[in-house]
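Working notes for the structure below.
In the working numbering, the protein residues as written are 76 to 375.
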């Protein structure tokens, strides 16, 4: 059993949940640092290779081998720390709430009626505190209808069960569900989905950080079919130790005469907004799969 298999198991999640509830934060943060450094020291593992490649592309190819080592360790520590906080305070809403700051536009989304005058596609950038922030938003009354990847490992299914505890409705991205979501968007509902997790065998390969990437365009399809805008969200841990949730401007879909060009153009407009959010703190971006397999030979 390799490292990736272990980390993608529900047993790993249950162990992390148990430990987070039984050790003090000071010990938990030191443990997060130690585990991150140990994993980062295994450069031949697919996950570490993916993080190195992704961080290198985000930097514009500017990071040295040593800087990439540090970026990998920092990225892993950030996600371990955020999950420790989520699991420790899973059933303590006031403590979770203390960790999150929403900007005014995000507050509007949280307080939005379930069926507004117009639907909205909310695209989340996968920052390290994604689950923590979504849980706090749900506890504050946000009605969250989420579209997930169609194929999920057992760790993701375990996480989905935790998400459903606070009222999230999670649908896998099948064609039947996507058609259903178009109708719900037309009725004024809000749909949450990711924008930056790679998938194989895709028709379109929009440019992301200057290179064609294996990224889905389902969010573009939803927004075009339902005639609704897209907004992007990300959360960044700042110097006060809290996760500040920031957002892009609303992005209206543009139409053209060629469907392929139209899909790619709109996807790249959304990804440009995602780039701006990721650049606020690249090592808090936690996509640990390869977006650009073709760059592996270039990475120092």
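Note that the Cβ used here is the ideal one computed from N, Cα and C, for glycine as well.
Per DSSP, the bridge partner or partners of residue i
| i | result |
| --- | --- |
| residue 221 | 245, 267 |
| residue 353 | Bridge partners of residue 353: none, in fact. |
| residue 196 | 266, 305 |
| residue 319 | 176, 311 |
| residue 376 | Coverage of the chain is limited to positions 76 through 375, which leaves residue 376 absent and any answer about it impossible. |
| residue 202 | 360 |
| residue 326 | 305 |
Distance CB(residue i)-CB(residue j) smaller than 9 Å
| i | j | result |
| --- | --- | --- |
| residue 151 | residue 114 | yes |
| residue 281 | residue 348 | no |
| residue 147 | residue 175 | no |
| residue 241 | residue 210 | yes |
| residue 203 | residue 359 | yes |
| residue 298 | residue 250 | no |
| residue 207 | residue 260 | no |
| residue 289 | residue 125 | no |
| residue 196 | residue 294 | yes |
| residue 245 | residue 254 | no |
| residue 216 | residue 264 | no |
| residue 273 | residue 346 | no |
| residue 179 | residue 214 | no |
| residue 258 | residue 361 | no |
| residue 370 | residue 177 | no |
| residue 118 | residue 144 | yes |
| residue 375 | residue 140 | yes |
Local Cβ density within 10 Å of residue i, reported as buried at 16 or more and exposed below that
| i | result |
| --- | --- |
| residue 101 | exposed |
| residue 130 | buried |
| residue 318 | buried |
| residue 338 | buried |
| residue 156 | buried |
| residue 373 | exposed |
| residue 332 | exposed |
| residue 335 | exposed |
| residue 314 | exposed |
| residue 93 | exposed |
| residue 166 | exposed |
| residue 229 | exposed |
| residue 109 | exposed |
| residue 67 | Here the chain covers residues 76 to 375 and nothing more, so residue 67 does not appear. |
| residue 312 | buried |
| residue 323 | buried |
| residue 330 | exposed |
| residue 128 | buried |
| residue 76 | Model confidence at residue 76 stands at a pLDDT of 39, short of 50, so the residue's coordinates are unreliable and nothing is read from them. |
| residue 310 | buried |
| residue 99 | exposed |
| residue 277 | exposed |
| residue 368 | exposed |
| residue 183 | exposed |
| residue 262 | exposed |
| residue 88 | buried |
>> Would the segment 280–291 count as touching the segment 303–311 if we require 3 or more Cβ pairs under 8 Å?
In response: no
>> Quick check: the segment 265–272 against the segment 211–230, are at least 3 beta-carbon pairs closer than 8 Å?
In response: yes
> Do the segment 158–167 and the segment 125–142 make contact, defined as three or more Cβ pairs closer than 8 Å?
Replying inline: no
> Taking only runs of the alpha helix (DSSP H) that begin and end inside the segment 106–190, which ones reach a length of at least 4 residues, in chain order?
Replying inline: 121–133, 140–163, 168–173, 179–185
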